[in-house]
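One structure below.
In this note's numbering, the protein residues as written are 277 to 463.
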């Protein structure tokens, strides 16, 4: 059941979000602790000599830098996780017939097209909007072209096989969508 998949995935992602938010808090505390330790060590080691101050300062600056880098990686993971939550909520809503959050493809609508007006291929509540999950202009263009042109039996069969293969790789597809949401590509 697809809705079971999305509900379980949302539970997992929301739990991951809590863990990442907890890490974010601790990284802030640890960074502050590293700075305080730097100043305390400067005060304590002042009488021992410059070499002791230098070693302590170097070690604490390295620690602080590592904490900043880990915090930045955690921030990226938080943002990606939020995107994945959005993706799963959108897909769950689409299963319930609510797919208006996806691009309608109005820019591809042509009045002169032989069947696009009859079949609602483009515009609001269209086939394009129902199918479109692209995050790039070339991807949207490609889908629009596929929908606007008729295809022979062999091509339809190949597309069905590709869809069947991809349907087994939902997590991978979501990761790809996450990257697409992070970096919107245009022509």
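Glycine included, every Cβ here is placed at the ideal spot set by N, Cα and C.
Beta-carbon separation of residue 340 and residue 310 under 9 Å?
For this step, residue 340 is matched to residue 64 along the chain shown. For this step, residue 310 is matched to residue 34 along the chain shown. Their beta carbons are under 9 Å apart, which means residue 340 touches residue 310 by this criterion.
Around the C-beta of residue 465, are 16 or more other C-beta atoms found within 10 angstroms, so that it is buried, or is it exposed?
Outside the shown range of the chain (277 to 463) lies residue 465, about which nothing can therefore be said.
Please list, in chain order, all residues of the same chain as residue 410 whose beta carbon is under 7 Å from its beta carbon, the five residues on each side excluded.
In the chain shown, the residue the question calls residue 410 occupies position 134. Result list for residue 410: 416 and 419, in chain order.
Measure the CB-CB distance between residue 303 and residue 350 and report whether it falls below 9 Å.
For the purposes of this step, residue 303 is taken as residue 27 along the chain shown, with counting starting at 1. For the purposes of this step, residue 350 is taken as residue 74 along the chain shown, with counting starting at 1. Yes, the Cβ-Cβ distance between residue 303 and residue 350 is below 9 Å.
Between the segment 397-411 and the segment 376-384, do at least 3 Cβ pairs fall closer than 8 Å?
Judged by Cβ distances under 8 Å, the segment 397-411 makes contact with the segment 376-384, as three or more pairs qualify.
Compute the Euclidean distance between the alpha carbons of residue 374 and residue 424, then round it to the nearest angstrom.
Here residue 374 refers to the residue found at position 98 of the chain shown. Here residue 424 refers to the residue found at position 148 of the chain shown. Going from the Cα of residue 374 to the Cα of residue 424 covers about 23 Å.
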